[in-house]
Amino acid sequence: GFGAIFLEQILMGNINKIGAAYGLHVERGMMPIGMAIPVLGMVLGTLVAVFISYRKPREYVDRSISPVASIDLDKPLRATTQAEYDLKADAEELKHEAENVPYISKKTMLMALLAIGLTLVAQLYSGSMILGGLVGFAVLSASGIFKWQEADDVFVQGMRMMALVGFIMISAAGFASVMTHTGDIAHLVNGVVHIIGDNHALAAFLMLFIGLFVTIGIGSSFSSVPVLAVIYVPLCVQFGFSPLATIALIGTAAALGDAGSPASDSTLGPTAGLGVDGQHDHIWDTVVPTFIHFNIPLLIFGWIAAMVL
Numbered sequence: 007g008f009g010a011i012f013l014e015q016i017l018m019g020n021i022n023k024i025g026a027a028y029g030l031h032v033e034r035g036m037m038p039i040g041m042a043i044p045v046l047g048m049v050l051g052t053l054v055a056v057f058i059s060y061r062k063p064r065e066y067v068d069r070s071i072s073p074v075a076s077i078d079l080d081k082p083l084r085a086t087t088q089a090e091y092d093l094k095a096d097a098e099e100l101k102h103e104a105e106n107v108p109y110i111s112k113k114t115m116l117m118a119l120l121a122i123g124l125t126l127v128a129q130l131y132s133g134s135m136i137l138g139g140l141v142g143f144a145v146l147s148a149s150g151i152f153k154w155q156e157a158d159d160v161f162v163q164g165m166r167m168m169a170l171v172g173f174i175m176i177s178a179a180g181f182a183s184v185m186t187h188t189g190d191i192a193h194l195v196n197g198v199v200h201i202i203g204d205n206h207a208l209a210a211f212l213m214l215f216i217g218l219f220v221t222i223g224i225g226s227s228f229s230s231v232p233v234l235a236v237i238y239v240p241l242c243v244q245f246g247f248s249p250l251a252t253i254a255l256i257g258t259a260a261a262l263g264d265a266g267s268p269a270s271d272s273t274l275g276p277t278a279g280l281g282v283d284g285q286h287d288h289i290w291d292t293v294v295p296t297f298i299h300f301n302i303p304l305l306i307f308g309w310i311a312a313m314v315l
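If you read the sequence shown in the numbering used here, its first letter stands for residue 7, the second for the next number, and so on.
As structure tokens, then:
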């Protein structure tokens with residue numbers, strides 16, 4: 007899935023591409039190990055959010071819409087000032103809604119689990135995420151979980167999202183290539199090493215902290231890796247960080263911008279769903295909680311990973 011694409015194709019691919027000139031090479035099995043500690047920080051942040059920060063239920067305002075009394079084309083719509091309530095009709099309406107609540111059958115659950123399992127097996131066996139997705143789609147379609155016509159919108163939305171991510175990645179790769187061919191990265195690395203010296207703790211913190219502000223403007227961890235790898239791989243080699251620590255530093259720095267960016271899909275998505283009734287603020291209800299419970303643990307645990315790996 008997207009995790010394998012991020013770890014193996016984007017993160018590992020860029021580290022090996024840039025690291026070839028510095029004698030740095032990472033293997034596929036090293037990727038989960040290098041990112042295990044930062045992921046643990048995100049898990050702990052999630053637990054803190056669920057059981058401590060947002061344990062108390064949030065109270066929402068039940069906003070009712072007044073019925074329209076009359077329509078005059080020459081004047082704005084006017085609503086009645088006194089709404090008439092029919093408790094019996096309201097009770098019947100609530101009863102009807104309760105009887106028509108969507109129910110997920112056992113067949114749907116079983117076929118969904120089967121589709122997930124076969125998708126994973128097909129992807130791991132063939133090495134193709136496309137083939138795995140086709141297997142899962144075929145299982146759900148053949149079992150009658152959804153119709154072909156209903157799947158069109160899902161496919162189109164997914165294509166649009168991936169097209170946007172691909173465009174940003176192409177731009178980021180081009181920017182990284184320009185920085186590489188200018189030949190000034192070596193001077194930048196030497197200057198940073200001269201200023202910081204042998205202080206690995208300070209170097210790791212600064213790389214993560216600067217990576218946060220570099221990637222938060224891009225809003226995509228996938229697109230941030232090419233830019234970060236060009237600068238961070240030489241820095242990690244000069245400071246003597248291990249390959250696992252290099253993976254943790256670059257992967258964490260990229261994830262920081264994705265988790266706490268107002269322009270990220272991981273923050274825009276929840277706001278789009280929760281802000282329909284106008285009672286969900288994008289910055290204070292999505293971005294700030296995400297920054298507190300994801301970015302701060304990522305900074306701490308990413309720094310720990312760079313020190314111990």
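Ideal placement from N, C-alpha and C gives every residue a C-beta, glycine not left out. Note that the coordinates shown come from a computational prediction; the quantities given were computed from them, not determined experimentally.
For residue i and residue j, I'd like the C-alpha separation in whole angstroms.
i	j	result
Ala265	Leu146	31 angstroms
Thr277	Gln129	32 angstroms
Tyr131	Thr125	10 angstroms
Gly47	Phe307	6 angstroms
Ser267	Glu98	46 angstroms
Thr114	Ala121	10 angstroms
Ala251	Pro38	12 angstroms
Ala148	Ile11	28 angstroms
Val49	Gly40	16 angstroms
Ala312	Leu214	10 angstroms
Lys23	Trp290	39 angstroms
Glu14	Leu305	22 angstroms
Leu116	Phe219	44 angstroms
Gly203	Ala209	9 angstroms
Gly138	Ala144	10 angstroms
Lys62	Val32	45 angstroms
Ser59	Gly197	42 angstroms
Ala207	Val231	22 angstroms
Ile176	Thr273	22 angstroms
Gly150	Ser111	12 angstroms
Gly25	Gly19	10 angstroms
Ser134	Gly275	27 angstroms
What are the boundary residues of the alpha helix (DSSP H) that includes residue i?
i	result
His245	Here residue 245 is Phe; the residue named in the question, His, does not match the sequence. Its alpha helix (DSSP H) spans residues Ser227 to Phe245.
Lys23	Met18 to Gly25
Pro249	Pro249 to Gly266
Ala148	Met135 to Ala148
Ile306	Ile302 to Val314
Leu30	Element bounds for Leu30: n/a, residue is neither H nor E.
Pro284	Sequence inspection shows Gly at residue 284; the Pro mentioned does not correspond to that position. Run containing Gly284: none; DSSP gives neither H nor E here.
Gly47	Met36 to Val54
Gly123	Lys112 to Ser132
Roughly how far, in whole angstroms, is the beta-carbon of residue i from the beta-carbon of residue j, given that I think they are within contact range, below 8 angstroms?
i	j	result
Leu30	Val243	6 angstroms
His299	Thr52	7 angstroms
Ile43	Ile310	6 angstroms
Gly263	Ile222	4 angstroms
Ala269	Leu315	The Cβ separation is near 31 angstroms, so there is no contact.
- Message: Tell me whether the stretch 251-260 and the stretch 224-238 touch, counting them as touching only if at least three CB pairs, one residue from each stretch, are closer than 8 angstroms.
- Response: yes
- Message: Can you confirm whether the stretch 289-302 touches the stretch 241-252 when touching is taken to mean that 3 or more C-beta pairs between the two stretches lie within less than 8 angstroms?
- Response: no
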